[in-house]
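Heads up, the thing below is written out as structure tokens.
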Amino acid sequence: MDLNNNFMPSILESLQNRDEKALLQRMLDNLAFFEVHNKHIAKALKDTLEGKNKQYQLLFNKDEINIIDLVNNKYLYPKDSFINIAYSIALNPLNNKIWKVYANNLSLAKIDTKNLYITSNAINEMVDFTYDNILDSKLSNLYHLPSLFLPQTNIFGLCGGVFLQILLENDFTFHSLLIFEEDLALFSLSCYFVDFKRLFSQVSNKSCYIFIENIVSKAFLNHYFYSKKVTNNFLRLELNAFISPKISAIKDMVNEAYKVNSRGWGSFEDEMIGVKNTLQNIHSNKILHKTTKLNIPICVIGSGPSLESNIDFLRNNQNKMLIFSCGTALKILKQHNINIDFQIEIERIDYLSSVLEDSSIGDTSLLCANVVNNKVLNLSPNRYIFIRGGTTSSYMFKDANIIEFCAPFVGNAGFSLACNFSDTIILCGIDCGYIKDKPKHSKGSFYGDENSEIPPYSFKVKGNSNVDVYSSSIFSLSRESIEIAIKHYKPKIIYNIGDGAYIQGTKVSKNIIFEKDINKDSIKNEFLKCFSNDVVFKDNLNSDIMVFVDELKRNICVDIATKQELFTFIDNITAFLAKSSSTRPHCGILFEGTILHLLQNMMICILYAKTNDIADIARFYVDIIAKCLDKLLSEYQSNLLS
Numbered sequence: 277m278d279l280n281n282n283f284m285p286s287i288l289e290s291l292q293n294r295d296e297k298a299l300l301q302r303m304l305d306n307l308a309f310f311e312v313h314n315k316h317i318a319k320a321l322k323d324t325l326e327g328k329n330k331q332y333q334l335l336f337n338k339d340e341i342n343i344i345d346l347v348n349n350k351y352l353y354p355k356d357s358f359i360n361i362a363y364s365i366a367l368n369p370l371n372n373k374i375w376k377v378y379a380n381n382l383s384l385a386k387i388d389t390k391n392l393y394i395t396s397n398a399i400n401e402m403v404d405f406t407y408d409n410i411l412d413s414k415l416s417n418l419y420h421l422p423s424l425f426l427p428q429t430n431i432f433g434l435c436g437g438v439f440l441q442i443l444l445e446n447d448f449t450f451h452s453l454l455i456f457e458e459d460l461a462l463f464s465l466s467c468y469f470v471d472f473k474r475l476f477s478q479v480s481n482k483s484c485y486i487f488i489e490n491i492v493s494k495a496f497l498n499h500y501f502y503s504k505k506v507t508n509n510f511l512r513l514e515l516n517a518f519i520s521p522k523i524s525a526i527k528d529m530v531n532e533a534y535k536v537n538s539r540g541w542g543s544f545e546d547e548m549i550g551v552k553n554t555l556q557n558i559h560s561n562k563i564l565h566k567t568t569k570l571n572i573p574i575c576v577i578g579s580g581p582s583l584e585s586n587i588d589f590l591r592n593n594q595n596k597m598l599i600f601s602c603g604t605a606l607k608i609l610k611q612h613n614i615n616i617d618f619q620i621e622i623e624r625i626d627y628l629s630s631v632l633e634d635s636s637i638g639d640t641s642l643l644c645a646n647v648v649n650n651k652v653l654n655l656s657p658n659r660y661i662f663i664r665g666g667t668t669s670s671y672m673f674k675d676a677n678i679i680e681f682c683a684p685f686v687g688n689a690g691f692s693l694a695c696n697f698s699d700t701i702i703l704c705g706i707d708c709g710y711i712k713d714k715p716k717h718s719k720g721s722f723y724g725d726e727n728s729e730i731p732p733y734s735f736k737v738k739g740n741s742n743v744d745v746y747s748s749s750i751f752s753l754s755r756e757s758i759e760i761a762i763k764h765y766k767p768k769i770i771y772n773i774g775d776g777a778y779i780q781g782t783k784v785s786k787n788i789i790f791e792k793d794i795n796k797d798s799i800k801n802e803f804l805k806c807f808s809n810d811v812v813f814k815d816n817l818n819s820d821i822m823v824f825v826d827e828l829k830r831n832i833c834v835d836i837a838t839k840q841e842l843f844t845f846i847d848n849i850t851a852f853l854a855k856s857s858s859t860r861p862h863c864g865i866l867f868e869g870t871i872l873h874l875l876q877n878m879m880i881c882i883l884y885a886k887t888n889d890i891a892d893i894a895r896f897y898v899d900i901i902a903k904c905l906d907k908l909l910s911e912y913q914s915n916l917l918s
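The opening residue of the sequence shown carries number 277 in our numbering; numbering runs sequentially from there.
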């Protein structure tokens with residue numbers, strides 16, 4: 277069938293003329309399409325054609341067009357409104373009150389130069405150029421997308437989808453599109469109206485996601501955003517065709533994935549702190565080079581608000597399990613005389629040593645990521661290093677034992693370490709959220725007195741007990757990281773004794789009983805046998821980086837004529853960086869965060885331009901990124917070779 281549908285009347289003509297043949301042909305075309313691409317949907321279409329759809333039925337006669345809910349015996353649309361409502365929805369979506377537009381709280385703004393001393397200068401140069409050459413006023417906040425081009429779009433409920441077909445026939449294209457229909461029987465009726473083959477042709481390649489009845493795996497949802505990490509992180513167009521509990525739940529899932537996608541990008545400067553610290557730490561401390569299961573429980577403790585309600589459990593069982601204290605849990609545990617076996621730290625920040633001193637670390641054994649500041653390691657005579665995954669410096673060594681899933685919080689690292697050494701793990705104070713009427717951290721933590729106000733940007737999630745729990749993008753990222761680690765390491769049992777967010781793969785537990793004490797000295801000796809001073813850097817680190825930068829620069833220094841090409845350009849660079857961070861992480865991770873931030877700011881700046889002819893201004897922003905890349909390479913080389 278011709279994608280331009282030259283041999284079929286428009287959907288509005290078909291409806292106004294009550295052209296049953298056109299609608300039947302559309303259904304048959306969709307049946308042929310889904311026979312190739314999704315046989316489950318194809319079967320539902322056959323059932324509808326054979327009159328076996330017992331939930332919904334299309335009413336199509338000279339007096340009325342509607343969808344009948346057979347179960348509840350009612351129309352989905354008010355009488356005589358089917359065509360008018362569809363037309364109203366399809367009218368200029370970006371300036372239509374029926375639709376919502378989100379920008380993820382992103383806007384044109386300079387950033388502080390203190391910490392991101394290279395990245396910020398490039399971003400600020402972009403902002404200055406935009407104010408001087410593109411914006412009519414510094415108060416302007418209007419973005420200008422090309423005519424008939426829609427940014428990433430989320431549609432919750434098609435209700436027949438006539439509005440979508442109107443958009444397609446008017447040659448609208450979607451950068452990416454996510455559709456959720458809560459019922460397969462209802463979705464099948466949309467196949468009388470929507471040309472799904474044409475739909476996929478008018479969405480960017482591999483960017484049209486259709487979920488029916490449920491989102492079976494959050495991995496698919498996360499991939500929708502992650503695959504276009506920058507372009508799907510900014511403008512989001514949303515249509516909520518109708519309200520139902522399932523639609524509301526799916527909307528919450530999509531919004532959470534949208535927010536999570538904006539976190540954890542990192543920056544070159546942060547990575548370089550880790551590189552410098554690693555070079556200083558690596559030869560003077562023992563490093564975890566293998567792992568072994570110790571056949572004892574390990575309790576991973578964070579400073580979430582539910583920690584304080586579990587102090588008695590910790591006190592009664594501290595001799596029956598190893599205790600991994602994570603980050604700011606240290607001070608609370610010390611106050612309650614809980615014996616800590618290992619204090620876990622992962623942060624690069626230079627003031628971490630002061631935090632630990634304030635928490636009375638004493639001679640507590642430190643188990644730190646390779647990227648921490650050397651001052652931290654010097655606080656304890658008993659200090660050990662593990663190689664923290666997800667950081668540039670962790671992939672600079674030959675045959676390193678890398679501990680993955682260590683971000684964004686210290687508790688994530690503590691959990692991954694525990695998974696490497698035990699099949700029985702207890703999570704305590706790893707709340708991954710805000711608990712109603714509780715402060716963010718447990719009483720007595722480093723953070724002092726905190727109020728119990730739930731931040732306005734948070735969203736409700738399933739709790740681990742009967743109290744209300746709210747999450748944020750970073751809390752959700754932490755919870756998802758733990759869930760991925762569970763699937764990867766496959767420990768036999770994980771008890772979650774907190775009141776925070778429910779973590780899939782854990783067992784909600786409040787009354788765990790461990791019968792016997794363990795020989796901690798013997799266990800620790802076995803644990804410490806896994807550490808050694810044996811570490812060797814990879815060959816050709818510098819030349820690898822130079823080859824990578826040269827390849828990245830060739831991808832960046834291209835002509836961009838239109839805003840559609842800008843979106844494609846950004847997606848191409850994003851994909852290149854993601855692949856590089858996976859296949860050559862000592863190169864990709866180092867540069868990925870900064871380049872993503874530059875691409876995001878480039879997009880924001882250029883979308884202020886009223887014209888779609890952006891060749892000249894795009895060249896200026898590309899030049900800024902290329903020059904920044906040269907500075908990043910020079911900074912890396914000066915530190916690695918010094």
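Glycine is no exception: its CB is placed at the ideal position from the N, C-alpha and C atoms.
Being a predicted model, the structure only gives us computed values, none of them experimental.
Note to self: Between N371 and the ligand SAM, is there a pair consisting of the residue's CB and a ligand heavy atom that are separated by less than 8 Å?
What the structure shows: This structure lacks the ligand SAM; in fact it carries no ligand of any kind.
Note to self: Looking at chain B, is there any beta carbon in it that lies within less than 9 Å of the beta carbon of S503?
What the structure shows: Absent here is chain B; the protein component of the structure consists of one chain.
Next item on the list: Identify which residue in F662, I620 and F722 has its Cα closest to the Cα of C806.
Entry: Checking every option, the nearest Cα to that of C806 belongs to F662.
Next item on the list: Alpha carbon to alpha carbon, how far is E868 from F963? Give it in angstroms, no decimals.
Entry: It is not possible to answer for residue 963, since the shown part of the chain is limited to 277 through 918.
Item checked: Cα-Cα separation, N586 to F722 -> Near 18 Å, if we compare the C-alpha coordinates of F722 and N586.
Note to self: At the level of alpha carbons, what is the spacing between L908 and S747?
What the structure shows: If you draw a straight line from the Cα of L908 to the Cα of S747, it comes to about 35 Å.
Notebook entry, point to check: Since G739 sits in a beta bridge, which residues does DSSP pair it with?
Noted result: In the DSSP assignment, G739 forms a beta bridge with A777.
Checklist line | As assigned by DSSP and simplified to three states, the class of C695 | finding: C695: helix per DSSP, three-state reduction.
Notebook entry, point to check: Which word fits L828, buried or exposed, when buried means at least 16 other C-beta atoms lie within 10 angstroms of its C-beta?
Noted result: Buried, by the Cβ-count rule.
Next item on the list: Pick helix, strand or coil for E911, following the three-state DSSP scheme.
Entry: Reduced to three states, the DSSP call for E911 is helix.
Next item on the list: Could you tell me which residues DSSP pairs with T429 in its beta bridges?
Entry: L453 and L513.
Item checked: Per DSSP, the bridge partner or partners of D345 -> DSSP lists Y332 and K350 as partners of D345.
Margin query: Can you give me the C-alpha to C-alpha distance between N348 and N417, rounded to a whole angstrom?
Written below: Here the alpha carbons of N417 and N348 stand approximately 46 Å from one another.
Next item on the list: Name the two residues that bound the continuous beta strand (DSSP E) containing R664.
Entry: According to the DSSP assignment, R664 belongs to the beta strand (DSSP E) that extends over R659 to R664.
Notebook entry, point to check: Going by other Cβ atoms of all chains shown within 10 Å of its Cβ, with 16 needed for buried, is I789 buried or exposed?
Noted result: I789 is exposed by the Cβ-count criterion.
Notebook entry, point to check: Do you know offhand how far V536's Cα is from E759's?
Noted result: Spanning the two alpha carbons is a distance of roughly 15 Å.
Next item on the list: Could you tell me which residues DSSP puts in a beta bridge with K376?
Entry: Per DSSP, E514.
Check: Can you round the beta-carbon distance between L883 and K839 to whole angstroms, since I take them to be within the 8 Å contact cut?
Finding: Correct: roughly 7 Å between the Cβ atoms.
Notebook entry, point to check: When DSSP labels each residue in this structure, what does I701 get in the three-state scheme?
Noted result: Correct three-state label for I701: strand.
Checklist line | Alpha-carbon spacing of K376 relative to I365, whole angstroms | finding: Roughly 12 Å separates the two Cα atoms.
Checklist line | Reference L515; option with closest CA among Q556, D588, H862 and V530 | finding: The candidate whose alpha carbon is nearest that of L515 is V530.
Margin query: Can you tell me which residues form a DSSP beta bridge with C833?
Written below: Note: C833 sits in no beta bridge, so no partner.
Checklist line | Three-state class that DSSP yields for Y485 in the structure shown | finding: The answer is strand: DSSP assigns Y485 an E or B state.
Checklist line | Paired residues, beta bridge with I625 - DSSP | finding: BP columns for I625 are empty, so no partner.
Notebook entry, point to check: Below 8 Å, can you find three or more Cβ-Cβ pairs linking the segment 484 to 496 to the segment 446 to 456?
Noted result: Taking a cut-off of 8 Å for Cβ pairs, the segment 484 to 496 and the segment 446 to 456 touch, as three or more such pairs fall below it.
Item checked: Nearest to P581 (by Cα), restricted to the options T604, L564, Q594 and H559 -> The residue with the shortest Cα to Cα distance from P581 is T604.
Check: What is the DSSP secondary structure of Q441, reduced to helix, strand or coil?
Finding: In the structure shown, Q441 adopts helical secondary structure according to DSSP, grouped into three states.
Notebook entry, point to check: For V479, does the three-state DSSP call read helix, strand or coil?
Noted result: The answer is strand: DSSP assigns V479 an E or B state.
Notebook entry, point to check: T567 and N677: beta carbons closer than 9 Å?
Noted result: Going by C-beta atoms, T567 is nearer than 9 Å to N677.
Check: So I702 and E545 are in contact, right, with Cβ under 8 Å, and what is the actual spacing, rounded?
Finding: That belief does not hold up - the Cβ atoms of I702 and E545 are roughly 37 Å apart, past 8 Å.
Notebook entry, point to check: Closest by CA to I762, which one among G690, G705 and E791?
Noted result: When only C-alpha atoms are compared, the closest one is G690.
Notebook entry, point to check: How about the segment 551 to 558 and the segment 393 to 408: do they share at least three Cβ pairs that are nearer than 8 Å?
Noted result: Contact between the segment 551 to 558 and the segment 393 to 408 is not established, with fewer than three Cβ pairs separated by less than 8 Å.
Check: Exposed or buried, S669, counting other C-beta atoms within 10 Å across all chains shown (16 or more means buried)?
Finding: S669 should be labelled buried.
Check: How many Å lie between L866 and N571 at the Cα?
Finding: Computed Cα separation, rounded: 37 Å.
Check: Which whole runs of the beta strand (DSSP E) in the segment 585 to 642 are 3 residues long or more, in chain order?
Finding: You should have 598 to 602 and 618 to 621.
Next item on the list: Take I637 and list the residues in its own chain whose beta-carbon comes closer than 6 Å to its own, dropping the five residues that flank it on each side.
Entry: Contacts found: L655.
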